[in-house]
Amino acid sequence: MGKESWERKMKTIAICNHKGGVGKTALSMAIAEGLHRKGKRTLLIDLDQQMNATQQAKIDTTDEVTVYDLLTSFDYTAKDGIKHFDGGDIIPGDVLVSNAESDMAKLDTRLTMLADAMEGIDDDYDYAIIDCPPSLGLVTRNAMVAADELIVPVIPNRSSLEGFTNIQKCVNSVRRNKRLNPNLRIAGIVVNMFDGRTSLSRGVVNELPSIARAANTKMFHTIIRKCEAVNKAQSANVSIFDYDPNCNAVADFTDFVNEYLEGEDY
């Protein structure tokens, strides 16, 4: 059905980069919880087959509706999969998402399954945050069709920068199809896991504004500093806001959420 079929009230943000290890899940969780702590009604959608967000939210998916069901079956809607956790609501992930690509390929609606499943929740949330898998396959394209905009986390190295071109190409292919999501935009690039002690990190960050401008987007001013507490919190399945509320990353995540909200145009 595609995203042009209804008037959206909820804003859907996909956290997307097909490069692994750029901190997509940590950023997704931090944005969802940061918005929730500001009184926003938030829904986190875990599309990553590693299920790190689901595990951190302490959701048991046994015999429950997951994102896999929404992506591969017409029998469920987003409302069937919603669970509550301390950081808001979540639709849990599933290890079977790794099989979803082949299952979805048989469907005529393979690019709009997630968007169609989300149709009934616009009035229930202010924001939906989608934690995308590290690929640009059908699952991530479903996120792009369902989203209003993308936030692209990058770590300050050459490989992360080179991958941004592929994301642009994928976004443009979704935009070109009016039945999918012609209004999809990249809200901006955010630097994650920054280590200011290295000249490489500083050099890459200096290049990002021009790369962003060439893609008709921006680099967010807030830079998320590297912080070991983030990894420890994920390993312990505890929110970073609770695990170490005084660490650099918590301050940076909070600043990022504030910057994002200040730039909202609706």
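Position 221 of the sequence shown, counting from 1, maps to 1174 under my numbering, and the rest follow consecutively. Idealized CB from N, CA, C, for every residue including glycine.
Whose C-beta lies closer than 7 Å to the C-beta of residue i among residues of the same chain, with five residues either side of it excluded?
i            : result
alanine 967  : Ile1083, Cys1085, Ala1096, Met1097, Ala1100 and Leu1103
glycine 1149 : Arg1155
serine 1088  : His971
By the 10 Å Cβ neighbour count, where 16 or more other Cβ atoms means buried, how is residue i classified, buried or exposed?
i                  : result
phenylalanine 1269 : There is simply no residue 1269 to check, as the chain begins at 954 and stops at 1219 in what is shown.
alanine 1010       : buried
lysine 962         : exposed
threonine 1015     : exposed
serine 1188        : exposed
valine 1018        : buried
serine 958         : Residue placement at serine 958 is flagged as unreliable, the pLDDT there being 46, under the threshold of 50; a coordinate-derived value is accordingly withheld.
lysine 1179        : buried
My output table needs one value for residue i: the three-state DSSP class, helix, strand or coil.
i                  : result
arginine 1155      : helix
alanine 967        : strand
histidine 1037     : strand
aspartate 999      : strand
alanine 1168       : coil
isoleucine 1012    : coil
arginine 1178      : strand
valine 1183        : helix
phenylalanine 1194 : helix
aspartate 1148     : coil
alanine 1058       : coil
aspartate 1208     : helix
arginine 1138      : strand
Taking the Cβ atom as the reference point for each residue, do residue i and residue j lie within a distance shorter than 8 Å?
i                  : j                  : result
phenylalanine 1194 : valine 1203        : yes
isoleucine 1176    : phenylalanine 1206 : no
glycine 1041       : threonine 1007     : no
valine 1105        : isoleucine 1164    : no
proline 1109       : valine 1158        : yes
isoleucine 1139    : valine 1127        : no
leucine 997        : isoleucine 1043    : yes
methionine 1057    : leucine 1024       : yes
aspartate 999      : glycine 1046       : yes
glutamate 1215     : phenylalanine 1173 : no
Going by beta carbon distance, what residues of the same chain come within less than 8 Å of residue i, once the five residues before and after it are set aside?
i              : result
glycine 1073   : Thr1030, Ala1031 and Lys1032
glutamate 1160 : Leu1114
lysine 977     : Ile968, Cys969, Asn970, Asp1001, Asp1084, Cys1085, Pro1087 and Pro1106
What residues in its chain sit with their C-beta under 6 Å from that of residue i, if we drop five residues either side in the sequence?
i           : result
lysine 964  : Tyr1080 and Asp1101
valine 1183 : Ala979, Ile1193 and Ala1202
At which residue ranges does the stretch 1069 to 1126 contain complete alpha helix (DSSP H) runs of 4 or more residues, listed in the order of the chain?
The qualifying runs are 1091 to 1099 and 1111 to 1115.
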